[in-house]
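Below is one structure, written out as C-alpha cells; the observations come after it.
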Amino acid sequence: MNYFNGFRNFQFFFLFLNLLFLCFSPILAFILNIITLILISESMDNIDERTLSMFFYIALTGVGLSTAITAFSYPIFLYEEQDFTTYYNNYVYFLEHGFSYDGFVFGLGLEIALPFFNYILSCLYGGSYPYLVKLSYALTQVVILISLIFFIGRSLKLSLRELAVLSALTFIFFKHGATLNHLRQGYSSFFILFALFSTGRNQKFVFLTIASIFHLSALPIYFLLRYLFSIDSINKCFKVIFTSSIVAIIGFISFSVILTYMLGYDAFLLAKFKSAFAKLDGVGFYFDSFKVAFIASVYLLVLIFMSVLFRVKNSLIYSLITIYVITLTFSYVPGLTTRVFASVFTILTGYLYFLFFYKYCNFKQRHMFFIVILFTLSSNWILGSSSFYYNFPIFNHKPLYYLDDLFIEQGYVTRANLPSIQNIKINNPHR
1 MNYFNGFRNF QFFFLFLNLL FLCFSPILAF ILNIITLILI SESMDNIDER TLSMFFYIAL
61 TGVGLSTAIT AFSYPIFLYE EQDFTTYYNN YVYFLEHGFS YDGFVFGLGL EIALPFFNYI
121 LSCLYGGSYP YLVKLSYALT QVVILISLIF FIGRSLKLSL RELAVLSALT FIFFKHGATL
181 NHLRQGYSSF FILFALFSTG RNQKFVFLTI ASIFHLSALP IYFLLRYLFS IDSINKCFKV
241 IFTSSIVAII GFISFSVILT YMLGYDAFLL AKFKSAFAKL DGVGFYFDSF KVAFIASVYL
301 LVLIFMSVLF RVKNSLIYSL ITIYVITLTF SYVPGLTTRV FASVFTILTG YLYFLFFYKY
361 CNFKQRHMFF IVILFTLSSN WILGSSSFYY NFPIFNHKPL YYLDDLFIEQ GYVTRANLPS
421 IQNIKINNPH R
C-alpha cells in the first residue's frame, strides 16, 4: 500500500504539523515522526527519492527534537542518586572560576571531555541555568545518536527505506534517561559503538580515544563487546557461559564476604560503598539488583525468543544469549553488568531489532505489526513513569511552554543533602 500517494507536494504541510506538535505536545511529535519513519519503508515506488528524502529528514529532525525535550522533562535535584547534580556542579565550578585544571576532577583528571564541555557551556551561557545545561546535554546526545545512525547505515550500505526503519527503532528503544544520568559513560557509550562499527584502524583509534576521555572504562568495555559479538557458534557460546558462570559463583561468594566486611567495618575510604550497600541487605539486596539487570536486558530476551520462534539461524543470536546470561549471572553486583553493557541496552537495542526484522526474519511485509507492539511496550517507560514530563505537562495550549523554566537560576547544589530515592515518593504534579 502506498501511504504517501498524493502527498508528494505536501512536505511543507508535514513540516507545519511537526512545528505545531513540537510547540504544544512534543510527545505527539515523537509519535507522528516515528510512524512516518516506519511508513517510509513501505512500498512506495510511485514516490521519487527526493520527496521521500524530504519526509525522512523532517521526521528524523522532529523525532530527535521531541526526544531531547522528553529527556529535558525529567526532574533534577530531586534525590541524591541523580548524577546530574555532580555534573552540573562541575559546570558551576567553571562558571565561577573560569578555566582551571582543578575542575577536571573525573577519572583522576584523565576524563577531560565532559569538564571541557562544561567549560565551553559556561562560556556560552554565562549563568547558572541547570535546565539549560541539561537540555544542552540532551540535544548533544541526540545529534551524536543521529550521526551514529548514519554511520551504521553507511557501514551496512542501507537504502533510505531501511535507514528510516533503523532510525525509528533506534529512537523507540533509546534510553536517554540512562545516558543522561550516567552522563560520562553515556557519551562514552556512543563512541564505543562508533569504534565497533568502524573498519579503519585510525578511525577506531580516534573513537576509542574520545570514548576514553569521557570514561576510562571505554577500552575494556570495547574489547569485551567486540569479543562477545564475535561469538559465532553454540560451542563458543557454551564455553563463555560456562566460564562466566563459574567466575560468577566464585565472585558471588567473595562479594558476600566483602559486603559483610564493609557493613561491619568503619573506615573512611569505604564510607561511600557502605552507605550504598547498607540500604539493602539479605535477599532484598540481591533481588533488587537482579530485577534491575533483568529489566535492562528484557528486550534481548524478546529477541532470543523471536529467533527461536521464527527459527532464525544467525551467529548474532549466540552473542545475545551470552550477553543476556552474563548480565543476569553477575547481577548481584549492583549496576555492574548494566554499566558494562550500557552501549547495548541504552543505544544499540533498536539496531538489533532492525537486524532481526529486516535481515534475518524477512518481516518486510509484516514488520509494522511487530514495531507497533514494541513501540507500545517501550513507550510505557515514558508514559507510565511518574518522572518523565515532571517539569512540565505532556500537552499545553501555550506555544513552547516547556521552555518556561529554561533560565531558572540555581547555584552549587550539595548532593549529600538531597534525600535518597528510597525515602521519597515521586508525585508528578502534571499527572
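If you count the sequence shown from 1, position 384 lands on 384 in my numbering, and the numbers rise without skipping. Note that CB positions come from ideal geometry on N, CA and C, so glycine has one too.
Residue i, buried or exposed, once every other Cβ within 10 Å from all chains shown has been counted against 16
i: Tyr-91; result: buried
i: Cys-361; result: buried
i: Thr-322; result: buried
i: Glu-49; result: exposed
i: Gly-126; result: exposed
i: Gln-422; result: exposed
i: Tyr-101; result: exposed
i: Pro-26; result: buried
i: Gly-200; result: exposed
i: Val-257; result: exposed
i: Arg-431; result: exposed
i: Ser-319; result: buried
i: Asn-184; result: Reading the sequence as shown, one finds Arg at residue 184 and not Asn. Arg-184 comes out buried.
i: Asn-235; result: exposed
i: Asn-202; result: exposed
i: Thr-243; result: exposed
i: Thr-337; result: buried
i: Val-165; result: buried
Residue i: first and last residue of the uninterrupted alpha helix (DSSP H) it sits in
i: Ser-188; result: 183-197
i: Gln-141; result: 130-156
i: Gln-203; result: 201-214
i: Tyr-353; result: 349-354
i: Gly-62; result: 49-72
i: Asn-396; result: Unbroken run through Asn-396: none, as it is neither H nor E.
i: Gln-11; result: 11-24
i: Glu-96; result: 84-97
i: Asn-118; result: 113-125
i: Val-464; result: Since the first and last residues shown for the chain are 1 and 431, residue 464 lies out of range.
i: Pro-419; result: Premise fails: Pro-419 is in no alpha helix (DSSP H) and is neither H nor E.
i: Ile-326; result: 316-329
Residue j beta carbon less than 8 Å from that of residue i
i: Ala-29; j: Gly-64; result: no
i: Ser-343; j: Ile-210; result: no
i: Gln-141; j: His-182; result: no
i: Leu-114; j: Tyr-57; result: no
i: Leu-148; j: Phe-214; result: no
i: Ala-388; j: Tyr-299; result: Per the sequence shown, the amino acid found at residue 388 is Phe instead of Ala. In this structure, Tyr-299 does not lie closer than 8 Å to Phe-388 by Cβ.
i: Leu-37; j: Ala-168; result: yes
i: Tyr-412; j: Ser-73; result: no
i: Phe-345; j: Ala-296; result: yes
Whole-angstrom distance between residue j and residue i, CA atom to CA atom
i: Leu-110; j: Leu-121; result: 20 Å
i: Met-54; j: Phe-13; result: 12 Å
i: Lys-204; j: Arg-226; result: 12 Å
i: His-97; j: Gly-107; result: 21 Å
i: Met-306; j: Ser-212; result: 35 Å
i: Phe-24; j: Ser-233; result: 51 Å
i: Asn-5; j: Asn-396; result: At Asn-5, the pLDDT of 49 sits below 50, so the modelled position is not reliable; the number obtained from the coordinates is stated separately. So the two alpha carbons sit approximately 33 Å from each other.
i: Ile-253; j: Pro-75; result: 38 Å
i: Ile-424; j: Phe-84; result: 18 Å
i: Leu-19; j: Leu-139; result: 17 Å
i: Leu-270; j: Leu-145; result: Confidence at Leu-270 is low in this model, with a pLDDT of 48, below 50, so its placement is unreliable and the value that follows should be read with caution. Their Cα atoms are separated by approximately 37 Å.
i: Ile-349; j: Thr-170; result: The sequence as given places Thr at residue 349; Ile does not occur at that position. The straight-line gap from Cα to Cα measures roughly 7 Å.
i: Gly-153; j: Ser-136; result: 26 Å
i: Ile-241; j: Ile-326; result: 7 Å
i: Ile-304; j: Tyr-119; result: 44 Å
i: Phe-294; j: Val-333; result: 13 Å
i: Leu-78; j: Lys-239; result: 45 Å
i: Ala-218; j: Lys-398; result: 43 Å
i: Ser-230; j: Ile-347; result: 19 Å
i: Phe-21; j: Ile-31; result: 10 Å
i: Lys-134; j: Leu-316; result: 36 Å
i: Leu-163; j: Ser-155; result: 11 Å
Nearest-angstrom Cβ-Cβ length linking residue i and residue j, presumed shorter than 8 Å
i: Ile-221; j: Val-302; result: Contact flag wrong, Cβ pair sits at about 24 Å.
i: Leu-400; j: Tyr-129; result: That pair is no contact at about 16 Å.
beta-carbon residue i near the ligand COA non-hydrogen atom, thresh 7 Å
i: Ser-331; result: This structure simply doesn't include the ligand COA, nor any ligand for that matter.
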